[in-house]
Amino acid sequence: MRKRTKDVLPTPPEPVEVSPGDRTILIGAYKAGLITAWKREAERGYRLTFASGPDEYVEVAKLTSYLAKLNSS
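In terms of my numbering, the sequence shown opens at residue 1 and continues consecutively.
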């Protein structure tokens, strides 16, 4: 007979902190209706959720310019 073992679940990644400056910009974009949600991911940057379309990933260094471009359109 085989010994029964428990399945080992992978541990979830540690949460990544959002800088205070980025948080202010993201809250402003949320209040302006540009985005509906965001999440910071260590490997890919910010995942921005839009009401009218699919999520988009934006590099951390390009967040400010990306949101400014969205706001101007």
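We put the CB at the ideal spot given by N, CA and C, even for glycine.
Bear in mind the structure is a predicted one, so any value in this text is a computation, not a measurement.
Cβ neighbours of residue i in the same chain (closer than 7 Å, five flanking residues each side left out)
i, result
"Thr36", "Thr49, Phe50 and Ala51"
Presumed contact (8 Å Cβ cut-off) between residue i and residue j, rounded CB distance
i, j, result
"Leu63", "Asp22", "6 Å"
"Arg40", "Val16", "5 Å"
Residues near residue i in its chain [Cβ-Cβ closer than 6 Å; skip 5 each side]
i, result
"Leu26", "Trp38"
"Arg44", "Tyr57"
"Arg2", "none"
"Glu59", "Gly45"
"Val18", "Arg40"
"Tyr66", "Val58"
Short Cβ contact (8 Å threshold) for residue i with residue j
i, j, result
"Pro13", "Ala42", "yes"
Helix, strand or coil at residue i according to DSSP, with G and I counted as helix
i, result
"Ala37", "strand"
"Arg23", "helix"
"Thr49", "strand"
"Val58", "strand"
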